[in-house]
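All residue numbers for the sequence shown refer to this note's numbering, where the first residue is 19 and numbers rise by one. Presented below is the structure to which this report refers.
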Amino acid sequence: MPVRVVRPEELTALQDIERAAGRCFRDIGMPEIADDEPPAVGELAFYREAGLAWVAVDGADAPVAYLIAEHVDGNLHVEQVSVHPDQARRGIGRALLDHLAGFAVGGGVPALTLTTFTEVPWNAPYYVRCGFRALGEGALTPGLWEIRAREAAHGLDRWPRVCMRRDL
């Protein structure tokens with residue numbers, strides 16, 4: 019599935035993808051995550067304008083998944099990757115992560131990082147299959163500590179979470 023940069027007119031489609039993907043959390047007893055609003059259009063526009071937002075598109079060039087990233091402590095941090103559930107289990111999330119890895123290598127970035135839920139099958143276990151490894155608290159950089167603090171303030175620590183890294 020092709021991966022390309024996000025176009026300005028597609029930002030609301032990213033929100034729709036996120037809402038659809040979030041519904042899966044309701045099925046595993048995490049309705050607060052399912053009901054959490056996606057990033058605002060202005061926030062998504064910030065990632066797009068920074069050159070750190072990509073979509074995977076179908077045959078009609080319509081987005082079916084997206085990834086946004088940010089620079090954190092010399093690495094690229096996956097802020098969000100969401101695949102519409104109608105397109106799940108087709109390698110689309112992995113394609114987006116691999117695209118980001120190629121982008122990172124081209125820019126001399128040594129690793130990708132992310133934070134995720136440890137006990138959600140399509141989260142930490144999935145990222146391990148994509149080449150990420152869990153980081154212990156002693157390996158967290160200042161930027162990752164800051165991200166974890168924001169997540170905790172948002173209530174995400176109600177469920178076990180972990181920082182992960184994929185060396186490139």
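Note that CB positions come from ideal geometry on N, CA and C, so glycine has one too.
Through-space distance from residue j to residue i, alpha-carbon basis
i	j	result
leucine 23	valine 123	According to the sequence provided, residue 23 is valine. The question's leucine does not apply to it. Looking at the two C-alpha atoms, the distance is approximately 17 Å.
tyrosine 84	alanine 71	7 Å
threonine 159	glycine 92	10 Å
valine 127	threonine 136	25 Å
aspartate 175	aspartate 54	14 Å
leucine 186	tyrosine 65	22 Å
arginine 168	alanine 78	37 Å
N-terminal and C-terminal residue of the alpha helix (DSSP H) that residue i is part of
i	result
aspartate 116	110-124
cysteine 181	No alpha helix (DSSP H) contains cysteine 181, which is instead part of the beta strand (DSSP E) from 179-185.
Neighbourhood of residue i by C-beta, 7 Å cutoff - its chain only, sequence neighbours within 5 removed
i	result
arginine 112	Cys148
serine 100	Ile35, Glu36, Ala39, Ala83, Tyr84
Cut-off 8 Å between Cβ atoms - residues of its own chain near residue i, not counting five sequence neighbours on either side
i	result
threonine 30	Val59
arginine 17	As displayed, the chain neither begins before 19 nor continues past 186, which places residue 17 out of reach and without an answer.
proline 81	Val24, Glu28, Ala31, Leu32, Ile35, Val73, Ala74, Val75
glycine 173	Glu50
Cβ neighbours of residue i in the same chain (closer than 6 Å, five flanking residues each side left out)
i	result
leucine 162	Cys181
valine 90	Gly161
The beta strand (DSSP E) enclosing residue i, as first and last residue numbers
i	result
alanine 129	129-135
arginine 22	21-23
Exposure of residue i, with buried meaning 16 or more beta-carbon neighbours within 10 Å
i	result
proline 178	exposed
proline 26	exposed
alanine 119	buried
valine 96	buried
Handout entry: alpha helix (DSSP H) segments (min. 4 residues) lying fully within the stretch 33-105
Key = Within the stretch 33-105, the complete alpha helix (DSSP H) segments of 4 residues or longer fall at 49-53, 59-67, listed in chain order.
Handout entry: Contiguous beta strand (DSSP E) assignments of at least 3 residues, all confined to the stretch 131-173
Key = Counting only runs of 3 or more, we get 151-153.
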